[in-house]
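Scroll down for the structure; my scribbles are underneath it.
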Amino acid sequence: MNKVLMSGNNIIGEAAIRAGCRFYAGYPITPQNELTEYMAEHMRKAEGGVFIQSESEVAAINMIAGASATGARVMTSSSSPGISLKQEGISSMAACELPGVIVNIMRGGPGLGNIRPSQGDYFQATRGGGHGDYRTMVFAPATCQELADLTMDAFDAADKYRTPVMILADGMMGQMMEPIIFKSPAPRVYPEKFMLRGAGSGKSKFIRGLLLDPIDAEEHNWKLARKYEVITEHETLCEEHNLEEADMVIVAYGTAARIAKGAIKRLRDHGMKIGLFRPITLWPFPELKLRALSAKVKNFLVFEMSTGQMLEDVRLALQGYAHIDFHGRPGGAVPTPAEFANVVARLYNKRD
Amino acid sequence: MAKIIFQKPKSLKEKIFHYCPGCGHSIVHRLMAEVIDEMGIQGITIGVPPAGCAVLAYNYFDVDMIESPHGRAPAMASGIKRMLPDRMVFCYQGDGDLAAIGLAESFHAANRGENITVIFINNAVYGMTGGQMAPTTLLNQKTTTSLAGRQTLLDGYPVKVSELFSQLEGSAYIERCMVNSPAFVNKTKKAIRKAFECQKAELGFSMVEILSACPTNWKMNTIDSCQWMDDVMSKVFPPGVFKDVTKATKKAAEVPS
């Protein structure tokens, strides 16, 4: 397969179609419009592909829930305020165990915020987001190649665990262009017994999340919880960069991790031993890997384009075994690697 | 050999309805099941029940069903129908579900001409939650949230869904019926049949609005409820066919007389 140069939003769309996604519904919102537009053009060309521009994000998520129930691979995308609107449907999909991929190209918030890249939706993404006891798997790509790969993986994970999966990127990831190679997706594995396609001559079935009997509902909640335990055990992903002999480790994901890598390169040139721990799955968070690191590294710096959300997961992972600093740029402000390098150097020199 | 002249429709399960005495849901469920049986579409029908009293409709209909969040049934049904165009897909919705929280979803499904059938139960009140004011509550009608009766200055006006949706070019068949007398029940069954036939003929969005009694929340007995529907409710929501493209297109669906 040859390398192609594409922008992030288009890569997600192309990767989804190649992974067998055949239903997309979405509503325009910046900075993810290119993805909706890409799907409008290309989904309808794919065999059996359906594109609907929905009347709202609320409708879009419910459209994909319906299409998912029929057994199709489905996707919707939006940006922060729109993802808030989708939460009712995401909670419902989690309850009804409907697979689907939700793309959040984050922008500044809260409220309408702005249309600049931000990472303020970490809590929303990793804590379920909607009401009730559930989680969504969250992939946080940091390169265009990862956008392609993780989008394909997201569909497999959604099918495997019959749960909504989120791609959490930001406006920077959506807009940037890099050369990438689309891998060949594995054949889909999704049993027909989970599909709602009309009973035919067999027994009719129903899909529901409403369980009026609290004991039934409790059992359903524990069933979901056991599934989340399995996911936590088997599905964490992270990248460890320059950790050999590091005195200080930056913990960052997505665009912030890219900036951190630029800063680390500059600082290594000045003899500072700084590494990067990059969670690729935000839920499940690669907690054990990070904790193991605290055996040899005692200084951590969490860097996010927010006021400190993943910071809490890092604290929970490190359990007080190491010192944690934080640097954040919320609201759509994106620091340069040089600017961040200054911050890191100051903290590095003050370290114990 | 004895000839069977009346029996439980095949498309209904062996369950006892949980609906209150005098409620129209059980009548409409039965009518729909009869239509599904008569059209021979039980195995290809997928239903989307609402949030509301009929949320447990999947306990009664012996067809594939999937619950939807409050008001979102037409969006969900759109997704199902687009992926499975040869299946029969219906939404079953109440007035709060369709005309308040889910107005955008139902309006735009109708406007897109989604080839689905919506069975819309209008009982002018939120039933399941205990009788609050609905978008279809009549002026001066007392509910638990319009204690002095619905006042235009405070609460606005009853929403006339059939009139509204018939204006949309995507809608193919819109009829308003009642289920408060045997004659009207028979008429309602014909309307449901016609709506399903429209879908079968791929004509677009079809909806049957059915005025239905809620004696429990109207605080009336069942006889008075039926009378009130004749005397008051049907004056605000007049029954009739509001849209029927089968006549205009001459691509008439088969409707038994």
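Chains as they are written, first to last, in the numbering used here: chain G, 99 to 450; chain H, 151 to 407.
No residue lacks a Cβ here, since even glycine has one placed at the ideal position from N, Cα and C.
If you're wondering where the values come from, they're calculated on a predicted model, not measured in any experiment.
Between A113/G and L245/G, the CB-CB gap stays under 8 Å. Within 9 Å of the CB of L297/H, no CB atom of chain G is found; the nearest one sits about 29 Å away. Here R356/G carries a helix assignment [DSSP, helix/strand/coil].
Listed by position along chain H, the residues whose Cβ is nearer than 9 Å to that of I305/G are Y208, D214, M215, I216 and E217.
If you look at C336/G, you'll find it in the beta strand (DSSP E) that goes C336 to H339. Residue I357/G holds the alpha-carbon nearest to the alpha-carbon of M270/G among T330/G, I357/G, A123/G and R120/G.
Short of 6 Å from the beta carbon of L335/G, and not among the five residues preceding or following it, lie these beta carbons of its own chain, in chain order: I378 and T379. Around the beta carbon of F156/H, fewer than 16 other beta carbons lie within 10 angstroms, which makes this residue exposed. Per the coordinates, the alpha-carbon of V311/H lies some 7 Å from the alpha-carbon of A249/H. Membership of P262/G in the beta strand (DSSP E) is indicated by the continuous run P262 to D268. Taking K344/H as reference, the option from M151/H, I186/H, E164/H and A152/H with the minimal CA-CA separation is I186/H. A Cβ-Cβ separation of about 7 Å places G169/G in contact with Y288/G under the 8 Å criterion. For the 8 Å CB-CB criterion, G360/G and Q130/G do not form a contact.
Any Cβ of chain H closer than 8 Å to the Cβ of N160/G would place that residue at the interface, and such an atom is present.
DSSP places T279/H outside both helix and strand once states are collapsed to three, so it counts as coil. For the 8 Å CB-CB criterion, R222/H and V156/G form a contact. Near chain H, meaning a CB-to-CB distance below 7 Å, the residues of the stretch 288-299 of chain G are L294, R295, G296, A297, G298 and S299. Counting only residues of its own chain and dropping the five nearest sequence neighbours on each side, V263/G has a CB closer than 6 Å to the CB of V199, M235, A252, A255 and A256.
In this chain, the alpha helix (DSSP H) harbouring M189/H covers H175 to M189.
DSSP, read as helix, strand or coil, puts S404/G in coil. Annotation: the continuous beta strand (DSSP E) that includes N202/G extends over G198 to M204. When secondary structure is reduced to three states using DSSP, I166/H falls in the coil class, being assigned neither helix nor strand. By the neighbour-count definition (other C-beta atoms within 10 Å, threshold 16), T287/H is a buried residue. Shown here, H421/G sits in a strand according to DSSP, grouped into three states.
At a cut-off of 8 Å between C-beta atoms, T195/H counts as an interface residue with respect to chain G. Interface annotation, I181/G: not in contact with chain H, CB-CB separation never under 8 Å.
A Cβ-Cβ contact shorter than 8 Å links Y259/G with I329/G.
E276/G carries a strand assignment under DSSP once its states are collapsed to helix, strand and coil. S228/H is not a Cβ neighbour of M204/G, given a cutoff of 8 Å. Excluding five sequence positions before and after L133/G, the CB atoms of its chain that fall closer than 6 Å to its own CB belong to N107, I110, G111 and S175, given in chain order. Within the stretch 255-319 of chain H, the alpha helix (DSSP H) runs of at least 4 residues that lie entirely inside it are, in chain order, 302-305 and 311-316. With contacts defined by Cβ atoms closer than 8 Å, A297/G and V213/H form a contacting pair. Residues of chain G whose Cβ lies closer than 8 Å to the Cβ of L353/H do not exist, since the nearest Cβ in that chain is about 19 Å away.
Counted as a single uninterrupted DSSP element, the beta strand (DSSP E) harbouring Q243/H occupies residues M238 to G244.
Distances from the CA of K369/H to each of M151/H, I154/H, P171/H and L162/H were compared; the closest alpha carbon is that of P171/H. Closer than 7 Å at the C-beta level to chain G, one finds these residues of the stretch 239-263 of chain H: A254, E255 and H258.
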